[in-house]
Amino acid sequence: MSEEIVNKVALSGLLTLDLEDYYPREEIVLFDLKPYLFMVNVRKTGPPGNVARFPETSNDGPSDNEPEARSGILREKDFRAALNELDWTRFQDKIVAVTCSVDAIIPLWAYMLVAVNLQPFARDIVMGDENTARQQTFLARIAAIDIQEFADKRVIVKGCGDLSVGGFAYLEVAKRLRPIVKSIMYGEACSNVPVYKKK
Numbered sequence: 010m011s012e013e014i015v016n017k018v019a020l021s022g023l024l025t026l027d028l029e030d031y032y033p034r035e036e037i038v039l040f041d042l043k044p045y046l047f048m049v050n051v052r053k054t055g056p057p058g059n060v061a062r063f064p065e066t067s068n069d070g071p072s073d074n075e076p077e078a079r080s081g082i083l084r085e086k087d088f089r090a091a092l093n094e095l096d097w098t099r100f101q102d103k104i105v106a107v108t109c110s111v112d113a114i115i116p117l118w119a120y121m122l123v124a125v126n127l128q129p130f131a132r133d134i135v136m137g138d139e140n141t142a143r144q145q146t147f148l149a150r151i152a153a154i155d156i157q158e159f160a161d162k163r164v165i166v167k168g169c170g171d172l173s174v175g176g177f178a179y180l181e182v183a184k185r186l187r188p189i190v191k192s193i194m195y196g197e198a199c200s201n202v203p204v205y206k207k208k
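In our numbering, the protein residues as written are 10 to 208.
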């Protein structure tokens, strides 16, 4: 006589939440404002240096005429013209990280111009580098989880997956789960670490 196999995990009332389901797998591309800058040479004495289109480099090494500092500025007319020439479709369905990789004077409206051009194409637009974009998108997806399905349940937040899920994600999901669940555990049903139990 065959013995019926009982799924003890299913009968225990445990719900598993796998953070990898919310991990951003889309391509993340960088939109760097650096190529749109003009560089200003600032010297200690004498008149301001020339303004030159970035990048402008020299392989001659330092000299007595080298500027004390270089700071980038963004010119509205040139910036608008450059944005109008871009093929924005290359950002279709991508997560775009908007940043400036050099010291520069960036007016706040410049970020708005980039955003309104990207919005029809990009899946998401984030201020910062690629890692920042991945983290912010991840957190936004955790924030969008319908947490009510875990109300009064025992929840295991799955660990040891294939992806490198940062601690920030576990912190955020625990913060969201704690007010409504019976208990929170980390790991697997067969081996877990208790995190919280409602008293």
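For glycine and all other residues, C-beta sits at the position ideal for the given N, C-alpha and C.
Check	Outcome
If you drop the 5 nearest sequence neighbours on each side, which residues of the same chain put their C-beta closer than 8 Å to that of Ala183?	Val166, Ile193, Val204, Tyr205
DSSP beta-bridge partners for Leu39?	Ala106
Taking just the CA atoms, how far does Tyr179 sit from Asn201?	14 Å
From Gln128 to Ile134, what does the alpha carbon distance come to, in whole angstroms?	7 Å
Could you say which of Phe159, Arg132, Glu158 lies nearest to Ala149 if we only look at CA atoms?	Arg132
Considering Cα atoms alone, identify which of Ala152, Phe47, Asp161, Ala119 is closest to Gly81.	Phe47
Taking 8 Å as the cut-off, does the segment 24 to 40 touch the segment 86 to 95 (at least 3 CB pairs, one atom from each stretch)?	no
Please determine, among Glu181, Glu35, Gly196, the residue with the shortest C-alpha to C-alpha distance to Asn140.	Glu35
Please name the residue or residues paired with Asp133 in a DSSP beta bridge.	Ile104
Take Val174 and list the residues in its own chain whose beta-carbon comes closer than 7 Å to its own, dropping the five residues that flank it on each side.	Leu28, Glu29, Tyr32
Determine the extent of the alpha helix (DSSP H) in which Gly22 is found, giving its start and end residues.	Premise fails: Gly22 is in no alpha helix (DSSP H) and is neither H nor E.
What do you get for Ala91, buried or exposed, if any count of 16 or more other CB atoms within 10 angstroms of its CB means buried?	exposed
So, under 8 Å CB-CB, Val111 and Phe159 are touching, yes? Tell me the CB distance rounded to an integer number of Å.	Between Phe159 and Val111 the Cβ distance is about 45 Å, and since that is not below 8 Å, they are no contact.
Can you have a look at Lys3 and say buried or exposed, based on whether 16 or more other CB atoms are within 10 angstroms of its CB?	The displayed coordinates of the chain run from 10 to 208. Any statement about residue 3 would go beyond what the structure contains.
Let me confirm a value: Leu186 is counted as buried when at least 16 other C-beta atoms fall within 10 Å, else exposed. Which label applies?	buried
Tell me the DSSP bridge mates of Tyr45?	Per DSSP, none; premise fails for Tyr45.
With Arg163 as the anchor, note down where its beta strand (DSSP E) starts and where it stops.	163 to 167
Taking the beta carbon of Ile114 as the centre, do at least 16 other beta carbons fall within 10 Å, making it buried, or is it exposed?	exposed
Considering only residues of the same chain and omitting the five flanking positions on each side of Asp161, which have a CB-CB separation below 8 Å?	Ile189, Val190, Lys191
Whose C-beta lies closer than 8 Å to the C-beta of Leu83 among residues of the same chain, with five residues either side of it excluded?	Leu42, Tyr45, Leu46, Phe47, Ala113, Ile114, Ile115, Pro116, Ala119
Taking only the alpha-carbon atoms, compute the straight-line gap between Arg143 and Phe177 and give it to the nearest angstrom.	12 Å
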